[in-house]
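Visitor: Counted the way my numbering counts, the sequence shown spans residues 19 to 524.
Dumping the structure here so I can ask a few things about it.
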Amino acid sequence: MKKIIGVIACGLFLNAAAASSQVTDKEKVQMEKRIEKLIKKMTLEEKVGQMAQYSCNWDVTGPVMTGDYETLLKQGLVGSLFNVYTVDGVRKMQEMALSESRLKIPVLFGYDVVHGYRTIFPMPLAESCSWDLERMRKSAAIAADEASASGIAWTFAPMVDISRDARWGRIAEGSGEDPYLGSLLAKAYVHGYQGDSMQGKDEILSCVKHFALYGASEAGKDYNTVDMSHLRMYNEYFAPYRAAVEAGVGSVMSSFNIVDGIPATANKWLLTDVLRDEWGFQGLLVTDYNSIAEMSIHGVAPLKEASVRALQAGTDMDMVSCGFLNTLEESLKEGKVTEAQIDAACRRVLEAKYKLGLFADPYKYCDTLRAEKELYTPEHRAVAREVAAETFVLLKNENHLLPLEEKGKIALIGPMADARNNMCGMWSMTCTPSGHGTLLEGIRSAVGDKAEILYAKGSNLIGDAAYEERATMFGRSLNRDNRTDQQLLDEALKIAVSYTHLTLPT
């Protein structure tokens with residue numbers, strides 16, 4: 019009975035989500051006329067420039083680009099930038115592009131907003147445990163609200179890769195191993211990010227990733243080969259990607275891995291035959307970071323040939339490899355690509371910007387008042403707490419240990435119990451750790467003076483110090499304890515013994 023109810027509820031929800039990002043026939047005609055007129059004015063270089071995406075660095079003045087990239091931006095040869103955030107940072111770059119470029123085409127600003135922007139929600143793998151589609155939609159909507167208030171128009175999320183190998187390091191970013199659940203989450207997140215039309219200032223472009231089969235790489239190694247039958251692809255791995263397309267996702271990111279002996283970035287069967295022709299996807303298709311250039315590492319082709327293959331396969335935007343911008347003009351002269359192929363890719367980039375309303379208002383997401391009022395609000399944090407409570411999975415409650423009684427002694431043991439930097443979770447670049455309490459602090463606050471809280475780290479998170487340092491992200495240290503493993507263990511055992519309800523086996 020539960021399964022039947024789930025299917026009915028899913029159907030009702032997905033029908034609503036499918037309306038996301040759709041435009042009326044009249045609006046579509048207007049968009050096509052506007053963009054066709056613009057493309058006729060564009061030089062070949064300007065078209066290829068719209069197909070290029072670059073990353074920004076930061077210094078004390080805000081976002082900065084290297085000399086060459088800044089020149090390209092001013093010349094109108096940059097379609098998108100990512101890693102630019104804050105209203106001031108986005109406005110600075112947008113003004114640079116619009117004030118000096120010939121055709122004044124707005125730049126599309128993207129960022130990895132995976133499980134919250136400033137207000138952090140449980141990672142997707144945890145959220146999937148709740149099976150609460152409305153809360154998942156809400157968490158994505160709040161993330162979109164906060165990201166857009168910081169100038170961001172495009173998120174590289176959701177990641178919906180099915181993974182059944184525990185060695186793969188990015189499992190936490192998806193929903194796990196089940197294609198049915200993964201499909202539900204894909205639609206919920208897409209609708210949360212994009213809203214009903216992407217016209218609202220709190221709605222942003224969603225990008226489902228990584229197409230396809232990224233989580234099935236051999237031995238769980240990123241970028242590795244995937245070798246499986248098409249039957250298994252369709253039955254076990256494709257469903258969440260297709261669900262996102264059915265929900266109206268505005269963009270798709272291709273994956274690094276090889277499929278059928280061909281890198282996904284240049285796999286025409288995958289990107290055109292399946293994604294566009296079979297599933298009807300009409301949006302923007304972007305590569306993963308530098309993946310066109312990295313085809314040479316797979317032994318497939320140097321940058322120039324790899325760029326040709328990526329375009330022919332159906333790719334619209336090249337993320338940071340500079341392959342399209344630096345090689346396609348020569349490849350066109352050699353007859354290896356056609357201008358119609360370039361026009362089609364450029365058109366889809368421009369359409370994404372149009373659907374977001376950036377042609378009407380390039381500074382749509384640059385309202386400083388929103389940034390002051392809508393980031394990390396009490397209301398948003400309250401929703402995050404509700405979502406977190408729904409994600410907990412209790413497998414066994416032996417002797418009714420939970421809920422903990424506010425009396426006696428409570429032992430808290432483990433390397434993550436007092437790790438403020440890790441309260442943000444994985445892949446949360448805009449989180450401010452200082453704004454979050456640790457688990458230890460939370461329990462102490464909850465019990466007050468009614469119970470004694472005993473704490474021991476027990477061990478470092480990773481035994482090897484150098485490996486632990488490499489395992490951290492965004493400069494967030496795990497605050498390694500320099501005591502020996504035995505010293506850490508002895509402390510934990512001593513505290514565990516003193517816990518009221520626990521005795522150690524002899």
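All C-beta atoms, glycine included, are put in the ideal place defined by N, C-alpha and C.
Taking 6 Å as the limit between beta carbons, can you name the residues of its chain near L368, skipping five residues before and five after?
Guide: I53
Visitor: Contact check, M69 vs A328 under 8 Å by CB: the rounded distance?
Guide: Rounded, the Cβ-Cβ distance is 10 Å, inconsistent with contact.
Visitor: Fully enclosed by the segment 350 to 376, which alpha helix (DSSP H) runs are 4 residues long or longer?
Guide: 357 to 373
Visitor: CA-CA distance, I513 and E470?
Guide: Cα-Cα distance, rounded: 12 Å.
Visitor: Determine whether the beta carbon atoms of L302 and G332 lie at a separation below 7 Å.
Guide: no
Visitor: Out of V108, E64, D306, point me to the one whose CA is closest to G83's CA.
Guide: According to the sequence shown, residue 83 is Met rather than Gly. Here the closest residue by C-alpha is V108.
Visitor: Distance check for T173 and S39, CA to CA, integer angstroms please.
Guide: Residue placement at S39 is flagged as unreliable, the pLDDT there being 49, under the threshold of 50; a coordinate-derived value is accordingly withheld.
Visitor: Tell me which residue opens and which closes the beta strand (DSSP E) that P81 is part of.
Guide: 80 to 82
Visitor: Quick one: grab the DSSP three-state call for W287.
Guide: helix
Visitor: By DSSP, does T450 sit in helix, in strand, or in coil?
Guide: Correct three-state label for T450: coil.
Visitor: Does DSSP put Y381 in a helix, in a strand, or in coil?
Guide: coil
Visitor: How many Å lie between Y103 and I170 at the Cα?
Guide: 6 Å
Visitor: Which of the three DSSP states is assigned to D503 in this structure?
Guide: In the three-state scheme derived from DSSP, where H, G and I count as helix and E and B as strand, D503 is classed as helix.
Visitor: Among residues of its own chain, excluding the 5 on either side of A464, which ones have a beta-carbon nearer than 8 Å to its beta-carbon?
Guide: Setting aside the 5 residues that flank it on each side, A464 is surrounded in the same chain by E424, each with a C-beta closer than 8 Å to its C-beta; the list follows chain order.
Visitor: If you check the beta carbons only, do W297 and G233 fall under 7 Å apart?
Guide: no
Visitor: Of the residues Q112, N497, L393, which one's Cα is nearest the Cα of F377?
Guide: Nearest neighbour of F377 by Cα position, chosen from Q112, N497, L393, turns out to be Q112.
Visitor: Considering Cα atoms alone, identify which of D245, G192, Y135 is closest to H228.
Guide: G192
Visitor: From the DSSP output, in three-state form, read off Y530 for me.
Guide: What is shown of the chain runs 19 to 524, which leaves residue 530 out entirely.
Visitor: Would you identify the three-state DSSP class for A429, choosing helix, strand or coil?
Guide: A429 falls in the strand class under three-state DSSP.
Visitor: For K21, I'd like the list of residues in its chain whose CB is within less than 8 Å of its CB, leaving aside the five on either flank, ordered along the chain.
Guide: The pLDDT assigned to K21 is 35, lower than 50, so where the model puts this residue is not dependable; a value taken from the coordinates is nonetheless given after this. Excluding sequence neighbours, K21 sits near nothing in its chain.
Visitor: Under three-state DSSP, which class holds S39?
Guide: Bear in mind that the predicted position of S39 carries a pLDDT of just 49, short of 50, making it too unreliable to give a figure here.
Visitor: Span of the beta strand (DSSP E) holding F154?
Guide: Going by the sequence as given, residue 154 is Met instead of Phe. Segment 151 to 167 is the alpha helix (DSSP H) holding M154; no beta strand (DSSP E) there.
Visitor: Give every residue of the same chain whose Cβ lies closer than 7 Å to the Cβ of K371, excluding the five residues on either side of it in the sequence, and list them in chain order.
Guide: Answer for K371: P124, L126, F377, listed in chain order.
Visitor: Applying the 10 Å Cβ sphere with the 16-neighbour rule, what's the burial state of P421?
Guide: Looking at its Cβ environment, which holds fewer than 16 other Cβ atoms inside 10 Å, P421 is exposed.
Visitor: Among the candidates V401, D214, M114, K110, whose CA atom is the shortest distance from the CA of L525?
Guide: Nothing about residue 525 can be reported from this structure: the residues present for the chain run from 19 to 524 only.
Visitor: DSSP three-state label for N478, please.
Guide: coil
Visitor: Along the chain, where does the beta strand (DSSP E) containing K391 start, and where does it finish?
Guide: Counting along the chain, K391 falls outside any beta strand (DSSP E), though it belongs to the alpha helix (DSSP H) covering 386 to 392.
Visitor: With a 10 Å radius around its C-beta and 16 neighbouring C-beta atoms as the bar for buried, classify V411 as buried or exposed.
Guide: exposed
Visitor: Less than 7 Å separating the beta-carbons of V306 and M251?
Guide: Residue identity check: residue 306 is Asp in the sequence provided, not Val. No, the Cβ-Cβ distance between D306 and M251 is not below 7 Å.
Visitor: Please identify the residue among S247, D163, Y207 whose C-alpha is closest to the C-alpha of E221.
Guide: It is D163 whose Cα lies nearest to the Cα of E221.
Visitor: Let me know the secondary structure DSSP gives N439 once reduced to three states.
Guide: helix
Visitor: Can you tell which of R365, G455, H418, A483 has its C-alpha closest to the C-alpha of K59?
Guide: Closest by alpha carbon: R365.
Visitor: Quick one: give me the first and last residue of the beta strand (DSSP E) that A70 is part of.
Guide: 70 to 73
Visitor: Counting pairs of Cβ atoms below 8 Å between the segment 423 to 438 and the segment 474 to 483, do you hit three or more?
Guide: yes
Visitor: Check whether the Cβ atoms of S146 and G194 lie closer than 7 Å to each other.
Guide: yes
Visitor: Can you give me the C-alpha to C-alpha distance between L496 and H418, rounded to a whole angstrom?
Guide: 33 Å
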